[in-house]
Structures are given as C-alpha cells and as structure tokens.
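Written out below as structure tokens is the structure these notes cover.
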Amino acid sequence: MMGLPLAFTEPLLLLGLVSLPVLWWLLRVMPPRPRRIEFPPTRLLFDIAPKEETPSRTPWWLTALRLLAAALVIFAAAGPIWNPPTGAAGSKAPLMIMLDDGWSAASHWDIRLRAADELIANADTDRRAIALVPLSEPNRDITLMPAGAARVALRQLAPKPYSIDRIDTLTAVDRFLAATGDCEIAWLSDGIDTGRGEDFVQALGKTVGDRILTVFEGGTSSPLALVAAENAAAKMTVKVLRTDSGITIGTVRALDQKASPIGEARYSFGPQDKETEAAFDLPVELRNDITRLEISGERSAGAVQLLDKRWRRRAIGIVTGTSSETAQPLLAPTFYLTRALAPFADVRLADKGSPQQGITQFLDQKLPMIILADVGTVAPEIRERLNAWIDQGGVLVRFAGPRLAQAEDDLVPVRLRKGGRTLGGSLTWEKPQHLASFAADGPFSGVTVPKDITVSRQVLAEPDAVLATKSWASLEDGTPLVTGEHRGKGLVSLFHVSADMRWSDLPMSGTFVEMLRRIVDMSGYTAKPGPGVAGEATAETVAPLHILDGFGAFGPPPATAKPLPADYRDRATPDHPPGFYGPAEGPLAVNTLAAADRIAALNTASLRARRATYTNAEPRDLRGWLLSTALALFLIDAIIVAVLGGGIAALLRRRAAPAMIVLGLLAGLSAFTPTPSRADSASDEFAMKAVSQTHLAYVVTGNADVDSIVKSGLSGLTQFLAQRTALEAGDPVGIDPGRDELAFFPLIYWPIVPGAPKPPQDAINKIDAYMKQGGTVLFDTRDAIEAPPGENGAAQTPGMQTLREILSSLDVPELEPVPREHVLTKTFYLLRDFPGRFSTGQTWVEALPRDEDEDSAQRPARGGDGVSPIIITSNDLAGAWAVRLDGQYMLPVAGGDARQREFAYRAGANIVMYTLTGNYKADQVHAPALIERLGQ
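Sequence positions in the sequence shown follow the working numbering and run 533 to 1468.
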C-alpha cells in the first residue's frame, strides 16, 4: 500500500471513511453547558433563563479527536496487516517457483526461503500443485509436487558458490510450460546480473507469454563481493563491489591457513559508489601468510577471496659480482633487476661486501629466492649451503657475465663452455640474434616475444642429450637463452646473458619482467615442476582439496568437483567450484569471481509482471492496536465532555467526601486482594505440552550462547531422528531441574559451563530421583579439545571439575568407558565411538555387572532391566548437531574425518533409542547368547 508493507483482509470496508464528513457535521453540535442558578426570592423573575436557547458549537479539536477514533475503528474493521505474507495472484493454476540460487543469493538466503515457504503455504491452502526450479540446475527435471514434498525439496536447496547462468534453465522451463499449459510463475530474484542478465529477462518474457508472473526483488541490501586482491609493494589491496547506493562502511578480515585472524581493513562507499578498496598495511611477512580475505558480516562465497602462493610477495635477494668501482648505479645489473621485480616481489640487495657474504646473509634470512648476477666462483662451503637450500625448495637464478663465463661451477643447470659467444668473435654471428618463440610446454608459454630484442653476446652450453629438455628460451639459431632444471624441491635457472645492457637489450623489455614473474611464481613449488616447465608432456592437473559452499564456508569437495590445470586462473564454475586445489602444502586458489569481473543490478523493467518485495519481519495483525487506540480516544472524549459540561466539578463539590471514601475503599481492596497465582496454570500447561508428544529436554544453564547452541543441537537431532527413524519427537524443551517436573522426559541433556555455580540441593535431589526412576541424564563438559596430555588429562579440565562438584551430591553408580559390546554401540547404528564436535573424549556409562567365572570380553551387553541413568561425555554432541534456521551448521567439527558430523548424529540416535527401548534392544542383539545360556 503506497510503498508501505501494509495490506487489508477486507479492503472494501475502507469505504466507510467516506462517511467521516457527515460525522464531522453531526458532531459539531453539543448541548449547552448547564448553568447554576441561585434562588433568592427577590430575583426569581430576573434570573430565569429563556426557554429557547441557541446550541453551542463543539470545539474543532474535539470533533477531530472523535473523527480520528472513528477512522481507527474503520481501519481496524478492514483487517490491517503489517508486513503481509507474500503470495501469488490467487489463481487455481499450478504454481512454478523459480529461485535464484547463485552466490549472490546466499547473503539473504533465509529471507528467500521464507518467501518461497509462504508461496507454498498459500498454494497448499488453494490445493495447488507446485514446481520448484532452482536456476542453477538446467538439467534438473521440473515436475509438479504437493506442498509437503515442495517444502522438503526447498529445505534441501542451498546456494551455489559460483555465478549461475539463468538462461540455460529456460529450455527446461519452456518444455514444462508447454506440457502444463496454464501455470502461475513466481521468480525469486537476487537482483544481480553476473552475465547475460538482459538476455535472460527478454527470453523469460517470451517464454512466460500471457501467464501470470510475479517477480520478487528489493527489500534486502545488495550483496557484497571481493575481487582483484593485489599484494603490492607497501600494502595488500582488494576491491569491494556492490550494486546499490548510499553511504556504507564495513570491514574486510584477513585470515591465515589456520583461520586465525591476521588483520582488518576498513572500506567505505560513497553515495553513488559501486566499487571501493580495502587496504592492509601490514609487514610483507604477515601479508604472505594471508590465505583468505572475507567481508565481516557477509555470508556468501562471493564475499571471500582466497589467496595462494601467487599472491605472496616473495622476498628476493640480489647478489652481484660487479665491483662498486666499475658499476654505475643506473647501468648496474641491480638497477634493472630491481625495476623488473619491484611490482610483484620484495627486493633486497646484499650489504656491501663480497658476494660470499651476500649469499650467506640471504641464506641466514631463509629467503625463498636468490639471484646471482655475474657471480663467478663460489666458495665450497657456500656451495654446499646453497645446494642444501635448493634441495629444500629454494630457487636460484643466475645471470651470465664476464666472471661466470670464466668460472667452473656446478650451480648451473647445464655445462658451460669457457669464454663466450660474441658478435665478431670466434663463434661469431654475422648480425645480432633475435629471440625465438617460447615453447608451448615451457614456463614462459604464452609470453609475447617482441621482435626488437637482440642479443650480442651469450655464454654457451655444452651440447648433450638433455639440453633440449632444459632449454626454457632460445635464440633463432637454436642456442639456449634461458635454461633451468629442478633439484630436489628447488629450482636452478640460468640466463645466458647479463642482467644489464652489455650483452643484450632484453633487460629493457617488458618480456624480461614477465619472464622473471613466471620464475617467481614457480618458487615454492615442491616435488614436481610447476605448470609449463620444460619436459612436461602433458599439463599438470590438481584435485580439489577444500571447497567453499555458497555461504563461504569450507567443506569437503562435492562429487561433481573435477580436477583442473595447475595454471588455472579463471573464475569458479560448476565443475570447478571455488576453493583450494592440489597439495595441502602448496594449494591452488580458485575464487568465485575473476579479477576483472564486476556485478551490476538486474533490470527487469521490461517484464510484464507483478512486483513483490522480500520482507524481513513476521506479519503483524494491527486490529488490536487500532481498536485499543480508538477505545482510549473515546475515553478521552468522554472525560473532555464531562469537564466541559461541568459534571466532574459538580461531583467533586457535592460528593467530595463520599467519593474520597469510595476511592479509598477501592484502593484498599485492590491492595489487600490476593493476586491470582499462575503457578498451577503454568504447571498444567507445561505438563500438557510435555506429555502431548515425546520431547528431548535440556537444562537451561543461564548462558545465552550455550543454551542457544544446545537448543539448536537438539532440534537438529530431532529432525535427524524424524528422517532416519520412526520417532517423530516434538521441539526440545528447556527445563529448570529445581522447578519443572522431570518425569515427562526420557533423556535430559545437561551442558556443563565451567565455573557455573552448583545447582541448589532441591534441584540435585530431583535429578537424583529422576535417575533412580528410570530417566537418563547426559552430562557433556564440551571440552575434550582442552584436555591436557596425559592419562588423566581429561579429568583436569575446568568443565570436568565443575561436573565433579555436581556429581558429589548425587548417588552416582560406578562408571566405565562404553565397552565394545555395550548395547549403546548397536541400538540403531553400529558404532565404535561417540564423536561430537570433538572425537578425542571418552563416553562413560554405568559399569556393567562382572561375572567372575567368565572372561570380561564375554560379559553381557547390558545388565538389569533399565538403561544407564547417567552418560558423561566431553565431545560437545550438541555443538555438532546444532543447525541454523537456514539449514547451515552453527559450529565446525574439529576432527579430520569428513563424516564426523554424520557419526555424531548417529551417536545421538543411538543414545535416544537406548533411553527409549532399554533392555529390549539388548535382548534382541544378544539373542544368540541367550539361546546358548538356555541350552546349558
């Protein structure tokens, strides 16, 4: 209504507002105020009022007050609803819901699910079939389903971590509409055009035709994205993108490989800015540890930028053999090398001294790459340290010169001839040589070779059988210009020309910069050559390692993720979702958006469709508020009329004393009248709720974070039980052991908060009685990961100390770790242990009775007729079960097993079934042992 989230259930009743002018005219007349007439006999004839009087006029403000009250009554009768539920057009045709589910929909995914759920609810009311179409799945079959199945299918959807191409889905949509005929369509758009958006809108208009189309857009803020991270010389920068306008500020966080924070950078958008920048002013060593940039408060894969070694600003040491007396600053090799490396590396020059001292300096600093420019003979002890450094992953790049040409050295990839090849020398050229094209399988593959680069002198390599495999770049006559080979985990490379302009003009070209960039990118590779290294017959591929989901959280690779080339630099795709690929020690990062990608608002103005907006609040009926306000206005009107008519003044004058007495009596009665107790009604309501359905219970600790996680965890377990078993339990119930009745619940989950005060003795007594009457209490200290090393480390944690204080007042039976043959390990699933968020803690139950005549391994799985009244764990079971409203897990698991959370749910299912079935399951599982005993 006029841009407001307001609707009316009976809008025709608003026509009553037309009668307000008539009410204005009627309400203007008010009887005259009564006059007080004295009755002296002598003035009887003079003071008698005339029989006919002119009525007085009602004040305009009083009339306005009455009209306002009447208008509120009319509005209330029309059924106003604030934030009305979004619905379709109300036809009887089937409903097709098209849902944007790319990365750009993730930040407000719960709002989109709520809108879709409301559409399904409205369709269910009209008994209409529903088709659900996620626009990221063009090959998905579109079928009609009932509302219940549609809700289940909706909850199974999750945003994809890459940009979707909506137009690919229109083929299946067109085929479905042709087969269905009349159909109503609702498109839940994320409002972002990541490519071909205009083509999709036009094609959708043609596909829909004359059918009813509702487009949901607006009502939410624009998603934010990160692109083009760059580790520059002084700082690391990243671009922040959006599509809407307005002044906005925020924070980008930098994390290392272990998800520990390294730093934060603020960004701000101007009123019309669509792009801004966040800068991290950190030391290069810290910047090189950054593996993930993310926007605080933004939950989407597009708001995450992953960084690998290509973004590391490597520290490179340069050592030159040129003497300071002959080297001019602007002609020295260090000048050209520094200028070429500065855009992408942290260049460090050796202190003044001998080359041996410079090499030792950089080896002590453990730099990943060292460049030796015309360094001849290297001392044997320095050569040994260099060889060991290369074997461990160091990259050594050497440039030729007069000193290297006369030296004998094994720190080069090929054997060299003494002397050099010069223009006009014994191994002469008739004219300077040009560069040949770079090999397609070499590290310089794809680099453009300018024709104006010439070489006038070089050092020559001795021909042998492997020279061709070590040649990375050559001259037109086939002689090597750059050679290289891998040694251990490191790399040795040689430029057969000098790093200055004496032997060639290569250092003056952009090709020289790109060649050095490629070698720097290779530094740090382990075991195998980097992409494109000479001698590789086929391109190296890397398998997915850790993949981002649509919300930007890491998870195991899906079955659809495929390996990709090790030199992959494009954006993520369905086959290659964003994440890390390759070995854990040197993974390759793939991001949702490429560096050059930008996002724009999707223009749907050309569609002939109804418009709806997303709402972020529950519908609220305003009738109660309006009627209450109208009643208050009528009471105010009555008081004003009484004041203007003199009624209150007369009452106070004539009956002041009786009125005060009556008021005093009323006040006294109200003070001494006992307030009706709600304890019985509240207790009855609690009991009715508890017995109407099976519920899991948890002890309310008073810690809001812990209670929220536990409640969500038990809700997640309840949903798991409904999907996997025949138990359809109700929502979990929070209890206070000292106040609530415990007998209604088969299992009570008690999270231990370290340092929490001990419960009162009444609560302890009720827990003790509950356990003795067949109930089970699951105590979870949630601190297995905090246990110090040692055999008795688990008993030293703060949580376990707090639990000991609680158990000190309980009659606890003898406990033992869950035996291998305990019925708890096979009540529903066959389990070996009971992991939660952690998997290192033990689970303790009541010790089984031991038979002295039998081996302990053959003892029965459960003795007695009941279950263990107490279970103790430290693995944080509820933390592993906890699920948010949007279906995502609240907390990560700490174990390395990708299926740990699944086993945590299975452990919960076994515990619940164990408490419900008791020795029934024990007898069934151990039927062979019982038959054997009966036969003895």
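Just so it is clear, CB atoms sit at the ideal spot from N, CA and C, and this is done for glycine as well. On a predicted model such as this, the values are computed, not experimentally measured, just so you know.
Considering only their Cβ atoms, is the gap separating residue j from residue i smaller than 9 Å?
{"i": "Ile1296", "j": "Ser1341", "result": "yes"}
{"i": "Asp894", "j": "Leu1026", "result": "Checking the sequence shown, residue 894 turns out to be Phe, not Asp. For Phe894 and Leu1026, no; Cβs fall outside 9 Å."}
{"i": "Leu1246", "j": "Pro1264", "result": "yes"}
{"i": "Phe812", "j": "Ala797", "result": "yes"}
{"i": "Thr1092", "j": "Asp1081", "result": "no"}
{"i": "Ile1241", "j": "Gly1087", "result": "no"}
{"i": "Trp482", "j": "Ala833", "result": "This structure does not reach residue 482, given that the chain is present from 533 up to 1468, and the question cannot be answered."}
{"i": "Gln1251", "j": "Ala690", "result": "no"}
{"i": "Met1054", "j": "Pro975", "result": "yes"}
{"i": "Leu1023", "j": "Pro1012", "result": "no"}
{"i": "Ala685", "j": "Leu651", "result": "no"}
{"i": "Ala835", "j": "Ala757", "result": "yes"}
{"i": "Thr1124", "j": "Pro693", "result": "yes"}
{"i": "Ile902", "j": "Leu881", "result": "no"}
Provide the residue span of the alpha helix (DSSP H) that contains residue i, from first to last.
{"i": "Gln837", "result": "Taken as a continuous stretch (DSSP letters only), Gln837 belongs to no alpha helix (DSSP H), being part of the beta strand (DSSP E) at 836–838."}
{"i": "Ala1471", "result": "The requested residue 1471 does not occur in the structure, where the chain is confined to residues 533 to 1468."}
{"i": "Trp641", "result": "641–657"}
{"i": "Gly1331", "result": "1330–1339"}
{"i": "Leu999", "result": "999–1002"}
{"i": "Ile1051", "result": "1042–1054"}
{"i": "Val1024", "result": "Element bounds for Val1024: not the alpha helix (DSSP H) but the beta strand (DSSP E), 1022–1027."}
{"i": "Leu895", "result": "887–896"}
{"i": "Thr1405", "result": "Where Thr1405 is concerned, there is no enclosing alpha helix (DSSP H), although the beta strand (DSSP E) it sits in stretches over 1402–1405."}
{"i": "Leu631", "result": "Run containing Leu631: none in the alpha helix (DSSP H); it sits in the beta strand (DSSP E), 627–631."}
{"i": "Gly705", "result": "Reading the sequence as shown, one finds Val at residue 705 and not Gly. From DSSP, the alpha helix (DSSP H) with Val705 extends over 702–712."}
{"i": "Val816", "result": "816–819"}
Which one or two residues does DSSP pair with residue i in a beta bridge?
{"i": "Glu1348", "result": "Val1377"}
{"i": "Asp1153", "result": "Ile613"}
{"i": "Tyr1470", "result": "The requested residue 1470 does not occur in the structure, where the chain is confined to residues 533 to 1468."}
{"i": "Asp878", "result": "Ala847"}
{"i": "Val1285", "result": "None; Val1285 has no bridge partner."}
{"i": "Lys771", "result": "Val759, Glu809"}
{"i": "Pro1143", "result": "The question names Pro, but residue 1143 is Arg in the sequence shown. Bridge partners of Arg1143: Val747."}
{"i": "Gln1293", "result": "Paired residue(s): none; Gln1293 is not in a bridge."}
{"i": "Asp521", "result": "Residue 521 falls outside the range modelled here, since the chain spans only 533 to 1468, and no answer is possible."}
{"i": "Met677", "result": "Ile662"}
{"i": "Arg824", "result": "Leu787, Leu838"}
{"i": "Tyr488", "result": "With the chain represented from 533 up to 1468, any question about residue 488 goes unanswered, as that position is not in the structure."}
{"i": "Thr1250", "result": "Note: Thr1250 sits in no beta bridge, so no partner."}
{"i": "Pro1005", "result": "Note on residue identity: the sequence assigns Ala, not Pro, to residue 1005. Paired residue(s): Val1014."}
{"i": "Leu1279", "result": "Thr1308"}
Let me see if you follow: with CB-CB separation under 9 Å, is residue i close to chain C or not?
{"i": "Val991", "result": "Here chain C cannot be found, since the structure has a single protein chain."}
Nearest by alpha-carbon distance to residue i: which of the options is it?
{"i": "Thr1375", "options": "Ile1338, Phe1311, Tyr1437, Glu1337", "result": "Phe1311"}
{"i": "Thr703", "options": "Asp722, Ser721, Phe732, Ser695", "result": "Phe732"}
{"i": "Thr1478", "options": "Pro1424, Ile1404, Leu1259", "result": "In the structure as shown, the chain starts at 533 and stops at 1468, and residue 1478 therefore has no counterpart that could be examined."}
{"i": "Asp1315", "options": "Phe1277, Ala877, Pro1367, Glu1346", "result": "Pro1367"}
{"i": "Ala1127", "options": "Thr769, Pro1097, Asp706", "result": "Thr769"}
{"i": "Leu1363", "options": "Ile1317, Asn1442, Trp1413", "result": "Asn1442"}
{"i": "Leu838", "options": "Val1122, Ser800, Ser551, Gln924", "result": "Val1122"}
{"i": "Ser1003", "options": "Glu1046, Ile1284, Ala835, Pro945", "result": "Pro945"}
{"i": "Ala911", "options": "Ile891, Met901, Lys898", "result": "Ile891"}
{"i": "Glu916", "options": "Arg935, Val929, Gln888", "result": "Gln888"}
{"i": "Gly1016", "options": "Gly750, Gln965, Leu928, Ala1031", "result": "Leu928"}
{"i": "Ile696", "options": "Ala937, Phe708, Asp633, Asp673", "result": "Asp633"}
{"i": "Asp656", "options": "Arg672, Pro678, Thr1447", "result": "Pro678"}
{"i": "Ala1162", "options": "Asn820, Ile1267, Gly849, Leu604", "result": "Leu604"}
For the beta strand (DSSP E) holding residue i, just list the boundary residues, first then last.
{"i": "Arg1438", "result": "Per DSSP, Arg1438 belongs to no beta strand (DSSP E); it is in the alpha helix (DSSP H), 1432–1449."}
{"i": "Pro793", "result": "793–801"}
{"i": "Asp1312", "result": "1308–1312"}
{"i": "Pro1012", "result": "1012–1019"}
{"i": "Pro666", "result": "662–666"}
{"i": "Tyr1230", "result": "1229–1231"}
{"i": "Leu498", "result": "The requested residue 498 is not part of the displayed model; the chain covers only 533 to 1468."}
{"i": "Glu716", "result": "716–720"}
{"i": "Val1399", "result": "Careful: Val1399 lies outside any beta strand (DSSP E) and carries neither H nor E."}
Can you list, in chain order, the stretches of the alpha helix (DSSP H) that have 4 or more residues and sit fully within the region 905–948?
List check, alpha helix (DSSP H) in window: 912–923, 934–938.
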